[in-house]
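Read the structure below first, then the notes.
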Amino acid sequence: MNQEEIRQLLEKYYSGESTLSEENLIREFFNREDIPADLKAEQAVFRFFSDNKEMPEPSADFEDRILTAIDETEGKSGKKRLYTILSGVAATLILMAASYFFFFNERPIKDTYSDPEIAYAETMKILYDVSARLNRGTRALDKIKLMESETEKGLEKMNSSATLFTERIKPLNSVLETMKKNGTENRNR
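Next up, the structure:
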């Protein structure tokens, strides 16, 4: 039996139109070991059903237990729905009361200064005070800036020293290479 015939039989099987003999052919096909890769999942399904031919029958009161469980669930969901509705109504009432007190219970704001010049002078005094405090806080950062510039100078000195050291070592490097070549030549002899 080829793969195309099996695929047609599987279509009939899954649509509920296969005969018992066709289902037996499908089972025999999937009991083989050389199954195409795209049909491995189908093979697992049919092997499961072949291995578990005896499915236990449900007990006599099985249907009654299911219906009772459904009825209990529906009863609980009715209580839950009522609780949800009542909670929504309570939340709406609370929001309405809060908005009433927020929007309609306004007190006029007292003007603290009757003369605009005095108000301006007080405002400027407060702003100068804030400015002075901020400047005091940034003075500590001056030490950090000084430290940063000193660190940069130190790194520049180290970099120039490293460059000078590298330049002075280059002649030694060529001597070491020559010694290394001579040493390997002597070992090979």
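Mind the numbering: the sequence shown is residues 1006 to 1194 in this note's numbering, read in order. Glycine included, every Cβ here is placed at the ideal spot set by N, Cα and C.
Whole-angstrom distance between residue j and residue i, CA atom to CA atom
i	j	result
Pro1121	Asp1134	20 Å
Thr1024	Glu1010	14 Å
Ala1095	Thr1143	53 Å
Glu1062	Ala1074	20 Å
Glu1153	Thr1168	23 Å
Ser1165	Asn1178	20 Å
Tyr1088	Phe1108	30 Å
Ser1104	Arg1141	45 Å
Same chain only: Cβ atoms within 7 Å of residue i, ignoring 5 sequence neighbours per side
i	result
Ala1145	none
Arg1032	Phe1051, Ser1055
Asp1076	none
Test item: CB-CB of residue i and residue j under 7 Å
i	j	result
Leu1015	Glu1027	no
Ala1124	Tyr1118	yes
Gln1048	Phe1067	no
Terminal residues of the alpha helix (DSSP H) in which residue i lies
i	result
Arg1037	No alpha helix (DSSP H) holds Arg1037; DSSP gives it neither H nor E.
Ala1046	1045 to 1056
Glu1009	1008 to 1019
is_contact[residue i, chain C] using C-beta, thresh 7 Å
i	result
Glu1033	Any reference to chain C falls outside this structure, which holds one protein chain only.
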